[in-house]
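Asker:
4 protein chains.
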Amino acid sequence: MGLRFLTSGESHGQTLISILEGLPANLDIDIDFINNELRRRQGGYGRGGRMKIEQDTANILSGVRFGKTIGSPIAIEIKNKDWENWQNKMAPFGEKPEDFKDFTKPRPGHADLVGGIKYNQKDLRNILERSSARETASRVAVGAFCKLLLKALNIHIYSYVVSVGEISTSIIHEDPILNAEQAEKSVIRFVDPSKDNELMEYIDKAKESGESLGGIFEVVAINVPPGIGSYIQWDKRIDGDIAKAIMSIQAIKGVEIGLGFESAKRIGSKVMDEIGYDNGYFRYSNNLGGTEGGMTNGMPIVVRAAMKPIPTLMNPLRSVDIISKDPLKAGKERSDVTAIAAASIVGEAMLAFVIAYHILEKFSADNMEELIIRYNEYINYVRSF
Amino acid sequence: MGLRFLTSGESHGQTLISILEGLPANLDIDIDFINNELRRRQGGYGRGGRMKIEQDTANILSGVRFGKTIGSPIAIEIKNKDWENWQNKMAPFGEKPEDFKDFTKPRPGHADLVGGIKYNQKDLRNILERSSARETASRVAVGAFCKLLLKALNIHIYSYVVSVGEISTSIIHEDPILNAEQAEKSVIRFVDPSKDNELMEYIDKAKESGESLGGIFEVVAINVPPGIGSYIQWDKRIDGDIAKAIMSIQAIKGVEIGLGFESAKRIGSKVMDEIGYDNGYFRYSNNLGGTEGGMTNGMPIVVRAAMKPIPTLMNPLRSVDIISKDPLKAGKERSDVTAIAAASIVGEAMLAFVIAYHILEKFSADNMEELIIRYNEYINYVRSF
Amino acid sequence: MGLRFLTSGESHGQTLISILEGLPANLDIDIDFINNELRRRQGGYGRGGRMKIEQDTANILSGVRFGKTIGSPIAIEIKNKDWENWQNKMAPFGEKPEDFKDFTKPRPGHADLVGGIKYNQKDLRNILERSSARETASRVAVGAFCKLLLKALNIHIYSYVVSVGEISTSIIHEDPILNAEQAEKSVIRFVDPSKDNELMEYIDKAKESGESLGGIFEVVAINVPPGIGSYIQWDKRIDGDIAKAIMSIQAIKGVEIGLGFESAKRIGSKVMDEIGYDNGYFRYSNNLGGTEGGMTNGMPIVVRAAMKPIPTLMNPLRSVDIISKDPLKAGKERSDVTAIAAASIVGEAMLAFVIAYHILEKFSADNMEELIIRYNEYINYVRSF
Amino acid sequence: MGLRFLTSGESHGQTLISILEGLPANLDIDIDFINNELRRRQGGYGRGGRMKIEQDTANILSGVRFGKTIGSPIAIEIKNKDWENWQNKMAPFGEKPEDFKDFTKPRPGHADLVGGIKYNQKDLRNILERSSARETASRVAVGAFCKLLLKALNIHIYSYVVSVGEISTSIIHEDPILNAEQAEKSVIRFVDPSKDNELMEYIDKAKESGESLGGIFEVVAINVPPGIGSYIQWDKRIDGDIAKAIMSIQAIKGVEIGLGFESAKRIGSKVMDEIGYDNGYFRYSNNLGGTEGGMTNGMPIVVRAAMKPIPTLMNPLRSVDIISKDPLKAGKERSDVTAIAAASIVGEAMLAFVIAYHILEKFSADNMEELIIRYNEYINYVRSF
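Chains as they are written, first to last, in my numbering: chain A, 1 to 385; chain B, 386 to 770; chain C, 771 to 1155; chain D, 1156 to 1540.
1) What is the rounded straight-line gap between the Cα of B/Asp751 and the Cα of C/Arg1104?
2) Would D/Gly1226 pass as an interface residue toward chain A - the criterion being a Cβ-Cβ separation below 8 Å?
3) State yes or no: is the beta carbon of B/Gly716 nearer than 8 Å to at least one beta carbon in chain D?
4) Could you tell me which residues DSSP puts in a beta bridge with D/Met1462?
5) For a quick check, are the C-beta atoms of B/Leu412 and B/Thr442 less than 8 Å apart?
6) Would you mind listing the beta strand (DSSP E) stretches within the segment 98 to 169 of chain A that are 3+ residues and don't spill past its ends, in chain order?
7) Should D/Gln1405 be labelled buried (16 or more other beta-carbon atoms within 10 Å of its own) or exposed?
8) Tell me, please, whether the segment 482 to 502 of chain B touches the segment 510 to 520 of chain B by the rule of three or more beta-carbon pairs shorter than 8 Å.
9) Quick one: give me the first and last residue of the beta strand (DSSP E) that D/Ser1129 is part of.
10) Beta carbon of A/Ile257, beta carbon of A/Asp239: below 8 Å?
11) Under 8 Å Cβ to Cβ from C/Met1069, same chain only, skipping five residues before and after it: list those, please.
12) Indicate whether C/Arg877 and C/Ala1113 have their beta-carbon atoms separated by less than 8 Å.
13) Nearest by alpha-carbon distance to B/Phe646: which of A/Arg4, A/Glu166, A/Tyr160 and A/Phe5 is it?
14) Comparing alpha-carbon positions, which option in B/Gly431, B/Ile758, B/Val576 and B/Ser654 lies nearest B/Glu596?
15) Note down, in chain order, every chain B residue with its Cβ under 7 Å from the Cβ of C/Arg1144.
16) Using a beta-carbon distance below 8 Å, is C/Met771 in contact with chain B?
17) With a threshold of 8 Å between beta-carbons, can C/Met1017 be considered close to chain D, or not?
18) Is C/Gln825 buried or exposed, if buried means 16 or more other CB atoms sit within 10 Å of its CB?
19) Against chain D, does A/Asp366 count as a neighbour if the rule is that its beta carbon must be under 8 Å from one of theirs?
20) Taking the alpha carbon of D/Val1410 as the point to measure from, which residue in C/Leu983, C/Gly814, C/Leu1029 and C/Ala1013 has its own alpha carbon closest?
21) Kindly confirm or deny that the segment 526 to 537 of chain B and the segment 312 to 329 of chain A touch, where touching means at least three C-beta pairs closer than 8 Å.
22) Taking just the CA atoms, how far does A/Ile340 sit from A/Ala245?
23) Which bits of chain B does D/Ala1246 rub up against, with CB to CB less than 8 Å?
24) Below 8 Å, can you find three or more Cβ-Cβ pairs linking the segment 1419 to 1435 of chain D to the segment 1353 to 1373 of chain D?
25) Of all the CB atoms in chain C, is at least one closer than 8 Å to the CB of A/Ile17?
26) Using the rule of at least 16 other Cβ atoms within 10 Å of the residue's Cβ for burial, across every protein chain shown, is B/Asp721 buried or exposed?
27) Establish whether the CB of C/Ala795 and some CB of chain A are separated by less than 8 Å.
28) I need the boundaries of the beta strand (DSSP E) containing B/Tyr616, first residue and last residue.
29) In this structure, does DSSP put D/Arg1421 in helix, strand or coil?
30) Using the Cα positions of D/Asn1190 and C/Ser929, report the straight-line distance between them to the nearest angstrom.
31) Name the one or two DSSP bridge partners that B/Tyr662 has.
32) Can you tell me whether A/Leu213 is buried or exposed? The criterion is at least 16 other CB atoms within 10 Å of its CB, across all chains shown.
33) Please report whether the beta-carbon of A/Leu328 lies at a distance below 8 Å from any beta-carbon of chain C.
34) Out of C/Ile1149, C/Ser979, C/Glu1062 and C/Phe987, state which residue places its alpha-carbon closest to the alpha-carbon of C/Tyr1001.
35) Name the chain B residues whose beta carbon is nearer than 7 Å to that of D/Lys1273?
36) Should C/Asn1067 be flagged as near chain D, meaning a C-beta pair shorter than 8 Å?
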């Protein structure tokens, strides 16, 4: 019953609304920071036309007064600028415009067909509007609040793209901050911006052939104290919560922590992070990516996620009309060639949420003063253990 | 508030107790099936001495009468046979035996050090006893009940090991049942039993050098109907729940669904599973591993998990005594060289739980007769959609 | 993980926002019904000036298209008309107006003092804005959606006030519908409108002396099928959920089901509802108010709630300035003399939510067609048991 | 995801098993205290034969080592001594004894009929075994652990019966401790033991006429700090949680906090607890029973609960045979005339759980040292606010 959030809103609906509840009072809220996070999500080479229409900004409708949280639930609105073109087609009440056709050609890889079955909808627009990754704008706004909380505790979150389709790089630094700095220079948040030209050509080519691309990103949290999460029950492990949060991002098909699948290949002594002591415990490596026994261990939390290509293809795949049952090509919606840059920002948001949740479980969720006192006491305690 | 379970018990405590709640009444319970599942978990080349001591069997203490569930919570006991040797050392009350030493040398990769900090324990035995993978016996028992539920709906779950350390195979069949059959013939549940000799040598060699090994397993569920899980909120997606459940297994560091990380490399048309229709919708492939938009899509659910090597090494790693702070070698506990075979069975159990949970959310959890009627109605509805 | 909602918003903030998630798709949404529910909450003799300013209407921002739910979360906005007078004083960002004084005199009986401590706020406005019963407008909107769901299953919810302060009546009918009809004729939703003049005088007198009043209301649900809720675990009982939901309404201090406290005085045979059979089971009485063993039993669910007087008094009580610690009179906010009429409507909303939650747990939350088929099958099954 | 528990077990099953999870490590566990709590639940004039058979004691199967919690889940076993007479009739596996008849005559007021419908059971024993108040032994054991936690923070819980059927008393002291001391002297935990003879005669008479009795008890928690619970969302209020926990006790039909229903009759100034200051805030009264705005306010938490008479009557009521549909008298099970004394102890347990839950939410659940430091800091902070 700690930190929680719900998002709502359709891709071409009037607005996206989220409620985030459980942040301590007296947290400073920097609205520019939040809007900048939204901006970061909108970038990346290979995005479609929608991103030119929308310039997402957050309206804080409750829970913040004179720049500080007051303990109350925070309602966040992100208006859909495209709404003016859609208000008749997506109206909550009234009749469907006669000239507006149902979406009946489900796109493989998208929620269209299964969602239509589940919710008994023959106009698959009623599915695709909510299952669209437009929803991730809400997550980024929620995550921005979580990041502000974490920043107050000197916990920071970074991300960078490590592969786009078949293109990867050998230049990944040990220091996640350096990687993230490099990514911010790249047109697609790639960890090695020297590959930008190659990547742009690659993406352009995919676009020309009506194809789409996925990729892999890493998201890293630093300065997370040890002892967050627990091994005592399967559903209290922070690695489980991280996996759920990351896998819940649209189009993610794989999650690793630390070495991940690579760790399965190595012998034990090449995986475990040996323990040293020098005015406090330290590790000689971070192969486990910051979690041991379902708890954080004080090392950077390193998560890697695989995103499948965007399922909307301009050279569409085989599908079936759900009314006539005729075989045909899947429908199209305006879409991106690749959204891997955006996904990395959403990954930051979800990791920020999970860590904030567990931090507040362990320390306090009532007010920042209490949180910071307890947090510092704990940091000292850990050092003296 | 649907299907849920809690496990309890220490590795060398008196007993493991679990409570599983929310199964429908009138489900036939085959105790031999459950005990066989427990036996399957205990197998696998490379296991340590503990597995020779324990021959796990489940005592059903409540919730089952004359071989059927009655709706009440099910309490499951798995006694620790080793308890007779440990009753003084692990006694709930009384004094610690004078000659029994505290465990003060945390093993890298295990919960020891961080758990000690979190729970303020200087005898790390108080951590390692619960964080031990002995707890997975409980999960397998719980999962066995879930499998019985799923079997009644003709849903089946299979697993097989696809790599052990550096050894993998090119012989993986498309048919998960065939793979699982092969695995049952292997000494380590390897999908290609022709490699058994090679694997045994490899494991023996690791053991000789005081090393440990991890591996990768796949777990597959077939006949899961489409439309379980949902895209409407981040925490209702079944792919997220699967990722959490699998990552929550001790030593798992990576989870993939379908092509997983491979999907990030391919172009869109080589990933999406095209849709056809022939008296019902079908797919031309199953690259997405049975989930689209956070829902099942009717195809087999294919999950792959990476297990790191066992953290207890007979040739121990660098660590620190938590009392003296002296650098030294980590402590040892009786342990396996590799437990990848066991992990695959635990993977089956956790996937069974997640699917059972979502099935009961959608259909009914009160009694089997109601569940089966609704289930069949839905299967027909899906066919006619 | 079924039906759930979060509300947000401050009493003089920009807007109240709620998200309701988990309603089936294809439920017809009658916006006039929802707005009428909001209007019902605003009525009642003895309300303060605020009710003249606000004429609450709901904007549906998501989850409804062309008059039907689509399965997605429903965002509901109720704008605060008073916001234009408060936008500087309650601004999310910027500086507090210099001439606007902090609220530092906590009102006994309100959240002011304890909330200030908990959230470390010296301007208690940051507490009272959210703890205000203005929040119940959100609950009524959410409850209106739940009522629409229940109406589709022929389940209806009624309420009426049975006492205001010391004034009660001996005229309460057995039929809740008749009681509710009478209440709709009364200026204060009193079950016996012949007492309206007496009540108005009584309330006027309380107002003149700077006092406030509470009262007791009943809320009744009819046609709820038997078997909703469960005895198998303490937290799955529907009577517990009802008690929580009703007690959670601002100012409620007591909850009874059926005879409630009266049942404690009677001998067993004068309490239990005997069972008969005539083409289905029936009861000879409804002393237990529709719940047995934590489950509904098919009889009307009858809940009674005690509301304490409004804590804001125009003739204020002793308090302390939280800055100076000087004893003084508590602060005032514009307020009602009594809000018992409003509370009864909020009671309807909360009972509607609890029943809708449990109905969806047992039947289906995906689409109305599925729900109705299963619901009717169950009704037939119950009849034939 | 904080403190939680599940209970399991049938009334005449082998054993009752509970798992309590989320207590901090290093809490001293006094097994004699726990067993004494179980003994307290078994007492009270008017109990049936079962209480002579059972002498409940708790076996702690996990989570406690050498008298202290270690952070792990705590499994608690309470064996049913009566099991030896029931092992064939309640066997988890095997066949029903031929001479053992199904229970087919549902008792009005019990879960029998509705439970039979819900779980599709024609032998209602499969319902009554779990819905029996025997389950409350588990709750008392769980509550005893919670009380030990609270005692370490100097929070104490008391209860006493204030009416049995029609018999009440005018002698209730202001001091709950004094009331509880009186109750411990009474044969039925009555707050005024001078009425014991009258009560025993009254109960005997009810027994002779085959009747049963209910009653009212109060449960009080003292030294609970202010600020536990919250007004920010309907489901975070501690008054709601208290109402749910108390109403969830078998046979409870009403819950009040503080003046409860009486508060609805009074004018505002006679209800609100005025605020004073003398080296910290204090109140001039405790009419609200320790909660304001869904939070504790530092005053004693005073809860009153109404228990209906036991539904099993030796002079049984009208019912129907669920097989033949013939009208007949309800079945009998060995039962009590009144269990109000036991219910008051269960009330203590449930209130202890709710307060412990909220205390751990606010402070820490990892270890007692951390909890106590933070708790004391908070107490000082409150004093200086």
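C-beta atoms are modelled at their ideal positions from N, C-alpha and C, and glycine is treated no differently.
Answerer: Taking the structure as given:
1) Taking the second sequence and counting its residues from 1, the one referred to as residue 751 of chain B is at position 366. Taking the third sequence and counting its residues from 1, the one referred to as residue 1104 of chain C is at position 334. Distance from the CA atom of B/Asp751 to the CA atom of C/Arg1104, rounded to whole angstroms, is 50 Å.
2) The sequence position of residue 1226 of chain D within the fourth sequence is 71, counting from 1. Yes, D/Gly1226 lies at the interface with chain A (some Cβ there is under 8 Å from its Cβ).
3) Position 331 of the second sequence, counted from the start, is the residue given in the question as residue 716 of chain B. Chain D contact via Cβ: absent.
4) Residue numbering aside, residue 1462 of chain D sits at position 307 when the fourth sequence is read from its first letter. Per the DSSP secondary-structure output, D/Met1462 pairs in a beta bridge with D/Gly1370 and D/Ile1407.
5) By one-based count along the second sequence, residue 412 of chain B stands at place 27. By one-based count along the second sequence, residue 442 of chain B stands at place 57. No, Cβ-Cβ distance for B/Leu412 and B/Thr442 is not below 8 Å.
6) 156 to 164
7) Stepping through the fourth sequence from its first residue, residue 1405 of chain D is reached at position 250. With 16 or more Cβ atoms within 10 Å of its Cβ, D/Gln1405 is classed as buried.
8) yes
9) Absent from the model: residue 1129 of chain D. The displayed extent of chain D is 1156 to 1540, so no value can be given.
10) Taking the first sequence and counting its residues from 1, the one referred to as residue 257 of chain A is at position 257. Taking the first sequence and counting its residues from 1, the one referred to as residue 239 of chain A is at position 239. Yes, Cβ-Cβ distance for A/Ile257 and A/Asp239 is below 8 Å.
11) Here residue 1069 of chain C corresponds to residue number 299 of the third sequence, with the count starting at 1. These residues qualify, in order along the chain: Asp1043, Arg1053, Asn1056, Leu1058, Gly1059 and Gly1060.
12) Sequence index remark: in the third sequence, residue 877 of chain C carries index 107 (1-based). Sequence index remark: in the third sequence, residue 1113 of chain C carries index 343 (1-based). One thing to note: C/Arg877 has its Cβ no nearer than 8 Å to the Cβ of C/Ala1113.
13) In the second sequence, residue 646 of chain B corresponds to position 261, counting from 1. Considering only alpha carbons, the answer is A/Glu166.
14) Residue 596 of chain B sits at position 211 when you count from the first residue of the second sequence. Distance check between B/Glu596 and each of B/Gly431, B/Ile758, B/Val576 and B/Ser654 places B/Gly431 closest, using alpha-carbon atoms only.
15) Counting from 1 along the third sequence, the entry for residue 1144 of chain C is found at position 374. Within 7 Å Cβ-Cβ: Arg759.
16) In the third sequence, residue 771 of chain C corresponds to position 1, counting from 1. It does; some Cβ of chain B falls within 8 Å.
17) Locating residue 1017 of chain C in the third sequence gives position 247, counting from the first residue. Proximity of C/Met1017 to chain D, defined by a Cβ-Cβ separation below 8 Å, is satisfied.
18) Start at 1 with the first residue of the third sequence, and residue 825 of chain C comes out as number 55. Exposed is the call here.
19) Looking up residue 366 of chain A in the first sequence gives position 366. It does; some Cβ of chain D falls within 8 Å.
20) Here residue 1410 of chain D refers to the residue found at position 255 of the fourth sequence. The option with the nearest alpha carbon to D/Val1410 is C/Ala1013.
21) no
22) One-based indexing of the first sequence puts residue 245 of chain A at position 245. One-based indexing of the first sequence puts residue 340 of chain A at position 340. Each residue's Cα considered, the two are about 17 Å apart.
23) Within the fourth sequence, the letter at position 91 stands for residue 1246 of chain D. The contacting residues are Arg450 and Phe451.
24) no
25) Counting from 1 along the first sequence, the entry for residue 17 of chain A is found at position 17. Any Cβ of chain C closer than 8 Å to the Cβ of A/Ile17 would place that residue at the interface, and such an atom is present.
26) Position 336 of the second sequence, counted from the first residue, corresponds to residue 721 of chain B. B/Asp721 is buried by the Cβ-count criterion.
27) Here residue 795 of chain C is taken as the residue at index 25 of the third sequence, counted from 1. Chain A, which has a Cβ nearer than 8 Å to the Cβ of C/Ala795, makes this yes.
28) In the second sequence, counting from the first residue as 1, residue 616 of chain B sits at position 231. Looking at the DSSP string, B/Tyr616 is not in any beta strand (DSSP E), and its letter there is neither H nor E.
29) Residue mapping note: residue 1421 of chain D aligns to position 266 of the fourth sequence, counting from 1. Coil, per DSSP.
30) As a first step, residue 1190 of chain D must be located in the fourth sequence, where it is residue number 35. As a first step, residue 929 of chain C must be located in the third sequence, where it is residue number 159. Whole-angstrom Cα-Cα distance: 46 Å.
31) Here residue 662 of chain B is taken as the residue at index 277 of the second sequence, counted from 1. DSSP output for B/Tyr662 lists B/Tyr666 as bridge partner(s).
32) Position 213 of the first sequence, counted from the start, is the residue given in the question as residue 213 of chain A. Answer is buried; the Cβ neighbour count reaches 16.
33) The sequence position of residue 328 of chain A within the first sequence is 328, counting from 1. Not one chain C Cβ lies under 8 Å of A/Leu328.
34) Position 231 of the third sequence, counted from the first residue, corresponds to residue 1001 of chain C. When each option's Cα is compared against that of C/Tyr1001, the closest is C/Glu1062.
35) Within the fourth sequence, the letter at position 118 stands for residue 1273 of chain D. What D/Lys1273 touches in chain B: Asp751.
36) Here residue 1067 of chain C refers to the residue found at position 297 of the third sequence. So, interface residue.
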